[in-house]
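In this note's numbering, the protein residues as written are 22 to 288. Where is the CB? At the ideal position from N, CA and C, for every residue including glycine. All figures in this text were calculated on a predicted structure; none of them were measured in a lab.
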Amino acid sequence: MTEERRPPGKPTADRKFLMGAPYADASFLETDAWRALRIMGEFIDGFDALARLGAAVSIFGSARTPESDPEYVQAREVARRLAQRGFTIITGGGPGIMEAANRGAQEGGGVSVGLGIELPHEQSVNRFCDLAIDFRYFFVRKTMFVKYAQSFVIFPGGFGTLDELFEALTLVQTGKIEHFPVILIGHDYWDGLLDWLKGPMALEHKIATDDLRLLRITDSVDEVVEWIVEAFVADAADAQAREASAAPTQALEAASERDAQRAPHPE
């Protein structure tokens, strides 16, 4: 004896979803709402992967710098020395200066991170990354570079390098981040930019004179390491001071809450 089937009735949203022809219309994947979900997913993936890195430094520079170039050698040495001091090294995961920094991080016994980006031309993450994350969106990737680093070290590079440089300067200038050294490597390459900042930009009052102090420049690996360690120590001291100043207030609030709980309640 077979059971009598119930009539289907009004189609529910679940039924429409589950019984719909697969790939019948995938245009919803290109809507802003769906794109917002992808962006949120990228943020979550990035936060989840990087939250336990500890102290880190982001290193930038040209993807076109060959292994034989002195800048490649210097980037490798900077990363190696910082890794030996306990810093994780974060790069864009590409070739050139990024590869040199990731390579130096591994040689120094540190964690080597590459944050890749989807580009029109194929670019795989270099082989010296211990942790590699790929992003679709530049602004999500840039957030990771800043949020999980205590400093930017910037070697000669192109538009992408300049983008990261001025992003960091703007965040420091506006007080969004503190104790965050932005260090340029190479007087020969960067002095022209600094002359322009000190000249037309400062003289025409497009920036304050004090803003020029946000940048440091050197050719010395020793100075890079020294400045970053000093800033890290200063930041740690500030954090301890904030905790110490907050402790009495928290203790007073806790005591007040206990007293309130113990107080007799009127019938």
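The DSSP-derived three-state label of residue 239 is strand.
When the alpha-carbon of residue 96 is set against those of 174, 163 and 54, the nearest one is in 174. Residue 68 counts as exposed, since fewer than 16 other beta carbons sit within 10 angstroms of its beta carbon. When only Cα atoms are considered, residue 123 and residue 228 end up about 34 Å apart. By the criterion of a C-beta distance shorter than 7 Å, residue 238 is surrounded in its chain by 205, 208, 211 and 215, once the five residues flanking it on both sides are discounted. When secondary structure is reduced to three states using DSSP, residue 125 falls in the helix class.
Annotated three-state conformation of residue 218 is helix, per DSSP. Of the candidates 121, 242 and 218, the residue whose Cα lies closest to the Cα of residue 234 is 218. For residue 149, the three-state secondary structure derived from DSSP is coil. DSSP places residue 74 in the coil class of the three-state scheme, outside both helix and strand. Leaving aside the five residues that flank residue 115 on each side, the residues in its chain whose CB is nearer than 6 Å to its CB run, in chain order, 84 and 144. Rounded to whole angstroms, residue 89 and residue 125 show a C-alpha spacing of 15 Å. In this structure residue 75 is in contact with residue 109, their Cβ atoms being roughly 6 Å apart against a cut-off of 8 Å. Rounded to whole angstroms, the separation of the alpha carbons of residue 162 and residue 118 is 18 Å.
For a cut-off of 8 Å, the C-beta gap from residue 130 to residue 105 is around 7 Å, short enough to register as a contact.
When C-alpha distances from residue 121 are compared across 141, 79 and 138, the shortest belongs to 79. Going by DSSP, residue 174 is part of the beta strand (DSSP E) stretching over 173-175. Taking 8 Å as the cut-off, the beta carbon of residue 252 is found closer than this to the beta carbon of residue 171.
Shown here, residue 186 sits in a helix according to DSSP, grouped into three states.
With a minimum length of 4 residues, the unbroken runs of alpha helix (DSSP H) contained wholly in the region 47-124 fall at 53-71 and 91-105.
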